[in-house]
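2 protein chains.
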Amino acid sequence: MMLEKILNISVDCVVFGYDITSKSLNLLLIKRYLESNNEVLVDDYVLTGYHVYTHETLDDTATRVLKELTGLTNQYKKQFKAFGNPDRLMRPKDIIWIENEAFHLRTTTIAYYFLLKTEDVDLTNNTNGAAWFPVNDLPELGFDHKQIIQEAYEDLKEKCLSEPIIFKLLPDKFTINDVQDLYESILGIEIDNRNFRRKLINKKYIIALDEKQVGVSKKPAQLYMFSKDIYDKMFQKNYLISI
Amino acid sequence: MMLEKILNISVDCVVFGYDITSKSLNLLLIKRYLESNNEVLVDDYVLTGYHVYTHETLDDTATRVLKELTGLTNQYKKQFKAFGNPDRLMRPKDIIWIENEAFHLRTTTIAYYFLLKTEDVDLTNNTNGAAWFPVNDLPELGFDHKQIIQEAYEDLKEKCLSEPIIFKLLPDKFTINDVQDLYESILGIEIDNRNFRRKLINKKYIIALDEKQVGVSKKPAQLYMFSKDIYDKMFQKNYLISI
DNA sequence: AAAACAAACGTAACAATGACGTTTATAATT
DNA sequence: AATTATAAACGTCATTGTTACGTTTGTTTT
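Each protein sequence line maps, in turn, to chains L and Z.
Just remember that the working numbering sits 49 ahead of the position in the first sequence, which is counted from 1.
Just remember that the working numbering sits 49 ahead of the position in the second sequence, which is counted from 1.
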């Protein structure tokens, strides 16, 4: 018998974290493990997510989910797509009873991604098996979360070319090479350091600080910061049509 | 008494249509009018939309909604955002009864936009008061549809700069000036015709036909077509970082 | 034949990018 | 204290893409 389905809405969060030390762009995933009668039913990783409380906005839900997992608030957040295929049954065995009728629970998820620094997240007291994985070396993933991650990553690749969101992944003070390393990690390309350096230094919103790197055993690099104020002020749409 | 809300999912469609004759970018909206005891309760326009059938994908729903309104299929379609504030009560007076408990129906909508030609839509037999409105001269809008339209338009403005979606709004055969007029309509800017012309003509995927305009009382313009095949083949990501 | 119109052409100035050699500042090593 | 390794920083040149604008060409209307 084919059961009717009722709709449910959740939010899933793709949490990107950059580890500046290892120059690795990572994803925060949650371990899922279920066994019954010595048989392993589920053994994989999933995104963090939760259903939408009735009085929350979708953004509220995403913010809450991130906070519960990492303790962090005020991180860069972007809603990038809704996934709602009819076969998205989060718990296929579960049946909901309404008015003596049985329903499957069909879950549509609104997917967000976050950009933050791995060093800002403390996983030591974490009880749900959360762990970081490099985006290019992910474990087995549950549900359709592989696809969700893929689409989030594509969106990130595109957006980082035209908007200064890259600085959400970096500490407040960074070197030019930090930025280059990050672009190379995200895009999987190599960039000429001399040209990239000149390009960034000439931007008015990339501000040289009175500080240099400390604790390095070579010439310490100049530290810079990104000024969102200046960026926003000087940024007028130039409408470059590049089709 | 504050009722609990239950969740519902719908799809709303922002239908952009370009009228090449009047050079106007339009939106297809539906008249909403309700009165009771000679009192006008609702008198405005809304987007077309419908709730998601349980066995449909979200894309299916959008396709169905467009077909029911215009008869058209295979038009350019893009899911651009989900809107799900808790105060989105589509029919505030309506109450749903489940297990002898009363619920408000909270509707989350997955918003799509379509790009097509007004001339492809036949509204003469239409019964639901659908009509075209220039994007810059919209009537009073119901629900939060003004915001949804605004965000769709922003997305379109951005996307048309980097992807050749503009040709979805034009007939198969067009002049260079047609393309320029459309860009000027969408972006609200003026473009130097000579440079724009050269730029486009030099693209390998803008193909000159063996035809010229007919029925014009001046020098007939060369007709062109857009080759998606060539575009896709020659388009390799160049990763231009332009922050 | 002349006027009107818009497509099409040419060229110069400028800005952005990319490739690559050279110089400079610092820390570790000897 | 001198040397060396390293990477930041600088300079130059070629190429490409964009913008501005004067000029020419082809067609239709009068």
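Note that the Cβ used here is the ideal one computed from N, Cα and C, for glycine as well.
Model, not experiment: these values are computed from the prediction.
Could you give the distance in angstroms between the alpha-carbon of residue i and the alpha-carbon of residue j?
i, j, result
"Met51(L)", "Lys130(L)", "Here the model assigns Met51(L) a pLDDT of 45, short of 50, so the residue's position is not dependable, and the following value carries that caveat. About 29 angstroms."
"Val64(L)", "Lys166(L)", "10 angstroms"
"Leu76(L)", "Thr122(L)", "17 angstroms"
"Asp108(L)", "Gln128(L)", "8 angstroms"
"Asp230(Z)", "Arg155(L)", "45 angstroms"
"Arg113(Z)", "Asp281(Z)", "28 angstroms"
"Ile240(Z)", "Ile292(L)", "15 angstroms"
"His153(L)", "Glu207(L)", "37 angstroms"
"Ile44(Z)", "Thr119(Z)", "Residue 44(Z) is absent from the model: chain Z starts at 50 and stops at 292."
"Pro183(Z)", "Val170(Z)", "15 angstroms"
"Asn86(L)", "Asn175(L)", "27 angstroms"
"Asn251(Z)", "Gln124(Z)", "28 angstroms"
"Leu90(L)", "Arg81(L)", "10 angstroms"
"Leu236(L)", "Val228(Z)", "32 angstroms"
"Glu200(L)", "Asn177(Z)", "37 angstroms"
"Phe132(Z)", "His104(L)", "14 angstroms"
"Arg247(Z)", "Leu164(L)", "41 angstroms"
"Gln303(Z)", "Gln271(Z)", "The structure shown has nothing for residue 303(Z), since chain Z only spans 50 to 292."
"Ala180(Z)", "Gly66(Z)", "11 angstroms"
"Leu249(Z)", "Leu74(Z)", "21 angstroms"
Quick one: what does DSSP say residue i is sitting in, helix, strand or coil?
i, result
"Asn57(L)", "strand"
"Asp241(L)", "coil"
"Glu212(Z)", "coil"
"Thr176(L)", "coil"
"Arg247(Z)", "helix"
"Thr167(Z)", "helix"
"Tyr99(Z)", "strand"
"Ser276(L)", "coil"
"Asn75(L)", "strand"
"Ala131(L)", "strand"
"Ala45(L)", "The structure shown has nothing for residue 45(L), since chain L only spans 50 to 292."
"Tyr288(Z)", "coil"
"Lys80(L)", "strand"
"His153(L)", "strand"
"Asp193(L)", "coil"
"Ile255(Z)", "strand"
"Glu233(Z)", "helix"
List the residues of chain L that residue i touches, going by C-beta distances under 7 angstroms, in chain order.
i, result
"Asp89(Z)", "Reading the sequence as shown, one finds Val at residue 89(Z) and not Asp. Chain L residues near Val89(Z): none, gap ~31 angstroms exceeds 7 angstroms."
"Thr157(Z)", "Ile58"
"Gln128(Z)", "Lys130, Ala131"
"Tyr94(Z)", "Within 7 angstroms Cβ-Cβ: nothing; Tyr94(Z) doesn't reach chain L, min ~25 angstroms."
In chain Z, which residues lie with their C-beta within 8 angstroms of the C-beta of residue i?
i, result
"Ala270(L)", "Simply none; closest approach about 20 angstroms."
"Glu212(L)", "Ile292"
Strictly below 7 angstroms CB to CB, what residues from chain Z border residue i?
i, result
"His104(L)", "Pro135"
"Leu236(L)", "Tyr288"
At 9 angstroms on the CB atoms, spell out the chain Z contacts of residue i, in chain order.
i, result
"Ala180(L)", "Correct list: empty, because the minimum Cβ distance to chain Z is about 29 angstroms."
Just to make sure I have the definition right: I need the residues of chain L whose C-beta is within less than 9 angstroms of the C-beta of residue i. Which are they?
i, result
"Leu12(Z)", "Residue 12(Z) cannot be examined here, being either before or after the span of chain Z that is shown, 50 to 292."
"Tyr232(Z)", "Tyr288, Ile290"
Taking residue i as the query, report the chain L residues whose CB atoms sit under 8 angstroms from its CB, ordered along the chain.
i, result
"Val101(Z)", "Leu56, Gly133, Thr157"
Return the Cβ separation of residue i and residue j in integer angstroms, given the expectation that the two are a contact with Cβ distance under 8 angstroms.
i, j, result
"Tyr99(L)", "Ser59(L)", "6 angstroms"
"Tyr162(L)", "Leu205(L)", "7 angstroms"
"Leu210(L)", "Leu115(Z)", "The pair is not a contact, with the Cβ atoms about 31 angstroms apart (cut-off 8 angstroms)."
The region 187 to 200 of chain Z in contact with the region 87 to 94 of chain Z per 3-pair CB rule at 8 angstroms: With a cut-off of 8 angstroms, the region 87 to 94 of chain Z and the region 187 to 200 of chain Z count as touching, because enough Cβ pairs lie within range.
Any 3 or more C-beta pairs closer than 8 angstroms across the region 209 to 224 of chain Z and the region 265 to 277 of chain Z: Contact holds: three or more Cβ-Cβ distances are below 8 angstroms.
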